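Visitor: One structure, as structure tokens, below. Some questions next.
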RNA sequence: GUCCCCAUCGUCUAGAGGCCUAGGACACCGGACUUUCACUUCGGCAACACGGGUUCGACUCCCGUUGGGGACGCCA
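Residue numbers (our numbering): 469 to 975.
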């Protein structure tokens, strides 16, 4: 049997280090068994998937040094490798489930489901779909289908019994079917959910080992049920522990830089990052901490992974990166790396127009722009804090900026400006009050080149990180405050969207 | 809240019942080297969550407690 494994990222944001982490272990497992490593794009979420992000995934994985045998950009015998191009396949498969009464159409509206959940929560009942449409007659189901009533297709999960899944690292894990509700397989837009698409594709692509993050453990019973419904052989399941924030929670961009692009922009070498990832929950038999991808693969043994989640420790990453810099490069080679990074005329020349009026001598350029070429900047709370506000309010303002920038897909000065303006109007304060502080947060200095252009040049992830650091220098924000602020922000955004929608309608 | 997973220094980890007075690495603290800094080097600090079993013997096996995390979406 040829080993075939895959990673299946969804293109809904900057490529995540967690994806690279899973990629590394899948790659190592495949290559150490002379198997194939597949890249599949899970873009079934039509509202969030973006082609630019897909491209970002390709680039980041290549940058870090991982290559795949089959994928959307490479082809292969089991394509297409982009789920949005496989809808017809899922339709066909779900028809057979419908036919065999393993699944059913559900016409419940979002409103009804929301009410149901509210009721369940209020009465402290188990949350999950209540099976309202489950026993609908075939005739009614067909009739409403012909009427083009919006609906989803749900998996028929048994009421009784239990599902035992075998995890290679954890042994048998037992789930009671009572705890599992009827999972949606096809959304009302006709696209499959992850659960359906992943099972169908893994089977059709002859995936032998499903190596993925621990967050998937609890949905594995649904997947097993699907394999059984189709009468397919199960792959082997291997759930790897998660990468963690310093506080022990799942690594998240709210608290930490998570995108591979951040590490690139911050000046880390791809092989050091990849090497560091290979240290997470894993140790080589010889205890070596610095190793190449080939070395990692050569004696890779998935049974050596330890089960506790690993905190992603920037300090140790920096130490490893430093070792690569001094041990693996001649000065000439290092210069090549530096110019591939930001010390090149393409990047540096962008500073010139924004600095021209500010230069007294040519030598003024670099000191003033140093923050654009730095991994981190030092924040002085005394100058960071807004003059007429306390540290906590200042932090709150900065956090709002983070929220405003979060969903930006296109990182350009004009759009950044527009989003900062939103922040100001949200707090009903002059934009100055925010920008003056933001200057310091982003640059670490009181005097800096134009803000929005600097942010554009720095890059989204670096900018985020600077602001996060600034917030923590200001003493951080409590969980409650953050939650409250985020709710208010979401509500305000919702309102402004409905207002602008109406405006469009009126026209 | 319910279900599931996990548990060795602050962090990453070694440890497959006696090899453990628990080893290594990062960070931190000292010393040496160095015009300075860095590198290097020597040393130090620092952990088996707790309670019960099993056993001649538990870091290691079993049970419980506690703690942490994850999942409970027409997101993946």
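C-beta: ideal position from N, C-alpha, C; glycine also.
All values derive from a computational prediction rather than experimental measurement.
(1) Give me the Cα-Cα distance between residue 482 and residue 603, rounded to the nearest whole angstrom.
(2) Alpha helix (DSSP H) containing residue 529: first to last residue?
(3) Quick check on the DSSP output: what are the complete alpha helix (DSSP H) runs of length 4 or more inside the region 699-757, in order along the chain?
(4) For residue 605, which of helix, strand or coil comes out of DSSP?
(5) Are at least three pairs of beta-carbons, each pair with one atom in the region 549-556 and one in the region 633-645, less than 8 Å apart?
(6) For residue 597 and residue 626, what's the separation of their Cα atoms in angstroms?
(7) CA-CA distance, residue 773 and residue 664?
(8) Within 10 angstroms of its Cβ, does residue 743 collect 16 or more other Cβ (buried), or is it exposed?
(9) By Cβ distance, which residues of its chain are closer than 6 Å to residue 853, with the 5 residues on each side in sequence left out?
(10) Can you pull the DSSP bridge partners for residue 778?
(11) Nearest to residue 942 by alpha carbon, out of 730, 851, 542?
(12) Tell me which residues share the same chain as residue 967 and place their Cβ nearer than 6 Å to its Cβ, disregarding the 5 neighbours each side in the sequence.
(13) When DSSP labels each residue in this structure, what does residue 939 get in the three-state scheme?
(14) Hey, out of 714, 655, 917, whose CA is closest to residue 562's CA?
(15) State the beta-bridge partners of residue 484 as determined by DSSP.
(16) From 911, 687, 657, pick the residue whose C-alpha is nearest to that of residue 642; which is it?
(17) How many Å lie between residue 776 and residue 768 at the Cα?
(18) Could you tell me the distance, in whole angstroms, from the CA atom of residue 691 to the CA atom of residue 505?
(19) According to DSSP, simplified to helix, strand and coil, what is residue 854?
(20) Since residue 633 is in the beta strand (DSSP E), which residue starts that stretch and which ends it?
(21) If you count every other CB in all the chains shown that lies within 10 Å of the CB of residue 601, and 16 or more means buried, which is it?
(22) Pull up the DSSP beta-bridge partners for residue 504, would you.
(23) Short of 7 Å in beta carbon distance, which residues of its chain neighbour residue 752, apart from the five on each side in sequence? Order them along the chain.
(24) What number of angstroms, rounded off, separates the C-alpha of residue 605 from the C-alpha of residue 572?
Guide: According to the structure shown:
(1) The count along the first chain starts at 1 and reaches residue 482 at position 14. The count along the first chain starts at 1 and reaches residue 603 at position 135. Each residue's alpha carbon lies about 42 Å from the other.
(2) Indexing the first chain from 1 puts residue 529 at position 61. Residue 529: member of the alpha helix (DSSP H) spanning 519-532, first to last residue.
(3) For secondary structure counted as the alpha helix (DSSP H) over 4 or more consecutive residues, the region 699-757 holds these complete runs in sequence order: 728-733, 738-745.
(4) Taking the first chain and counting its residues from 1, one reaches residue 605 at position 137. It is coil, neither helix nor strand.
(5) At 8 Å Cβ cutoff, the stretches do not touch.
(6) Reading the first chain from its first residue, position 129 is the one you call residue 597. Reading the first chain from its first residue, position 158 is the one you call residue 626. Rounded to whole angstroms, residue 597 to residue 626 spans 13 Å at the Cα level.
(7) Within the first chain, residue 773 is the residue found at index 305, counting from 1. Within the first chain, residue 664 is the residue found at index 196, counting from 1. Those two C-alpha atoms are separated by around 28 Å.
(8) Taking the first residue of the first chain as position 1, residue 743 is located at position 275. Answer is buried; the Cβ neighbour count reaches 16.
(9) Locating residue 853 in the first chain gives position 385, counting from the first residue. Annotation for residue 853: 859, 862 place their beta carbon closer than 6 Å to its own, counting only its chain and skipping 5 residues before and after.
(10) One-based indexing of the first chain puts residue 778 at position 310. The partner list for residue 778 (beta bridge, DSSP) reads 711.
(11) In the first chain, residue 942 corresponds to position 474, counting from 1. Per the Cα distances, 851.
(12) Position 499 of the first chain, counting from 1, holds the residue named residue 967. Residue placement at residue 967 is flagged as unreliable, the pLDDT there being 44, under the threshold of 50; the coordinate-derived value follows with that caveat. Result list for residue 967: empty, nothing under 6 Å.
(13) Translated into positions along the first chain, residue 939 becomes position 471. Reduced to three states, the DSSP call for residue 939 is helix.
(14) In the first chain, residue 562 corresponds to position 94, counting from 1. Taking only the C-alpha atoms, the option nearest residue 562 is 655.
(15) Residue numbering aside, residue 484 sits at position 16 when the first chain is read from its first letter. Beta-bridge analysis with DSSP links residue 484 to 727.
(16) Translated into the one-based positions of the first chain, residue 642 becomes position 174. The shortest Cα separation from residue 642 among 911, 687, 657 belongs to 687.
(17) If you number the first chain from 1, residue 776 lands on position 308. If you number the first chain from 1, residue 768 lands on position 300. Rounded to whole angstroms, residue 776 to residue 768 spans 19 Å at the Cα level.
(18) Along the first chain, one-based indexing puts residue 691 at 223. Along the first chain, one-based indexing puts residue 505 at 37. About 21 Å.
(19) Stepping through the first chain from its first residue, residue 854 is reached at position 386. Reduced to three states, the DSSP call for residue 854 is coil.
(20) The residue given as residue 633 occupies position 165 in the first chain. Where residue 633 is concerned, the enclosing beta strand (DSSP E) starts and stops at 630-635.
(21) As a position in the first chain, residue 601 is number 133, starting the count at 1. By the neighbour-count rule (16 or more Cβ atoms within 10 Å), residue 601 is buried.
(22) One-based indexing of the first chain puts residue 504 at position 36. Paired residues: 472.
(23) As a working mapping, residue 752 is identified with position 284 in the first chain. For residue 752, where only same-chain residues beyond five positions count, the Cβ hits under 7 Å are 759, 767.
(24) What you label residue 605 is simply residue 137 of the first chain in a count that begins at 1. What you label residue 572 is simply residue 104 of the first chain in a count that begins at 1. In a straight line, the C-alpha of residue 605 is about 10 Å away from that of residue 572.
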